[in-house]
Ligand SMILES: [Fe+2]
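Residue numbers (the numbering used here): 172 to 370.
Shown next as structure tokens:
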């Protein structure tokens, strides 16, 4: 099974990415800055894991939407801009995504050196997890890091496109400063097609 696939789409022209997150012609706020910890403290081998904050916007800039359609893929449902931030070595806590099995991410700002996206399997659980309830960490709720085996990792650099599996437990480690990326959700039909190439 594949957990990610790098794709050679062109870099997004800088003028299409605004950092004016409060401009309604650019973005619609989905989630204001919030701690990425599912309301709990997390530990790994007794050590506290510092969770970053994150926020989510839906991209409204029609020029960027058109550019993605023409240069990347017409088969998408939504483009989001996500910011995660932590002062030093934050870890976006392990989870599965809410309403997608794949995400196409474009890194605008990596959030430091050696930032890794990691995939895990929980002991005695399947690799691929089912749809989870709203706001839950996974389909079975809380997950302990001490019950996880690392399956794979990738470092995604600025200006690169990567399709990642989001129905397998994943987290992002070593976030220092702001990590900013576009995250594209595919249409359901296209996601199903694409998933076949990840088996
Ligand atoms: Fe995720």
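We put the beta carbon where it would ideally sit given N, CA and C, even for glycine.
Coil, strand or helix - residue i by DSSP
| i | result |
| --- | --- |
| residue 233 | helix |
| residue 320 | strand |
| residue 249 | strand |
| residue 186 | helix |
| residue 259 | strand |
| residue 305 | coil |
| residue 356 | strand |
CB contact flag (residue i, residue j, <8 Å)
| i | j | result |
| --- | --- | --- |
| residue 226 | residue 258 | no |
| residue 349 | residue 254 | yes |
| residue 198 | residue 228 | yes |
| residue 275 | residue 314 | no |
| residue 209 | residue 316 | no |
| residue 172 | residue 325 | no |
Distance between beta carbons of residue j and residue i, contact taken as under 8 Å
| i | j | result |
| --- | --- | --- |
| residue 295 | residue 302 | Incorrect: roughly 20 Å between the Cβ atoms, too far for contact. |
| residue 178 | residue 334 | 6 Å |
| residue 327 | residue 288 | 6 Å |
| residue 322 | residue 293 | Not quite, the Cβ-Cβ distance comes to about 11 Å (not below 8 Å), so this is no contact. |
Any contact between the segment 248-255 and the segment 342-357? By contact I mean 3 or more CB pairs, one from each, below 8 Å.
Segment contact: the segment 248-255 against the segment 342-357, three or more CB-CB distances shorter than 8 Å; contact assigned.
Kindly confirm or deny that the segment 234-242 and the segment 282-289 touch, where touching means at least three C-beta pairs closer than 8 Å.
No, the segment 234-242 does not touch the segment 282-289.
Is the segment 334-345 touching the segment 180-190, taking contact as three or more C-beta pairs under 8 Å?
Taking 8 Å as the limit for Cβ pairs, the verdict is that the segment 180-190 does not touch the segment 334-345.
The segment 260-274 in contact with the segment 214-233 per 3-pair CB rule at 8 Å:
Here the segment 260-274 lies against the segment 214-233, with 3 or more beta-carbon pairs under 8 Å apart.
With ligand 1 as the reference, list in chain order each residue whose Cβ lies under 6 Å from any of its heavy atoms.
Residues with a Cβ closer than 6 Å to any heavy atom of ligand 1, in chain order: 266, 268, 337 and 341.
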